[in-house]
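When we follow my numbering, the leftmost residue of the sequence shown carries the number 323, and every step to the right adds one.
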Amino acid sequence: MDMFEEINVKGFIDEPIDPSLDLFDEIEKLKKEKNAVILAHYYQEPDIQ
């Protein structure tokens with residue numbers, strides 16, 4: 323199954339993530355790069371909001 327088929331079937335890509343990766347830092351980089359805001363429900367962790 324290719325990436326696009328996997329997204330259509332699962333709704334996400336099931337790929338391993340490097341455990342040494344700082345996900346919060348990566349999210350911040352993407353937010354700046356894409357000039358994006360992440361909308362989250364009030365019950366999310368403050369780091370995600």
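C-beta: ideal position from N, C-alpha, C; glycine also.
Any non-hydrogen atom of the ligand ZN within 7 Å of residue i CB
| i | result |
| --- | --- |
| K351 | The model on display carries no ligand, and the ligand ZN is accordingly not part of it. |
Among the options, nearest to residue i - alpha-carbon criterion
| i | options | result |
| --- | --- | --- |
| I349 | S342, I360, I339 | I360 |
| I335 | F326, P341, L343, S342 | F326 |
| D369 | E355, D344, D324, N330 | D344 |
| E367 | G333, F346, N330 | F346 |
Collapsed DSSP secondary structure at residue i in the structure displayed
| i | result |
| --- | --- |
| L361 | coil |
| E367 | coil |
| M325 | helix |
| D347 | helix |
| E355 | helix |
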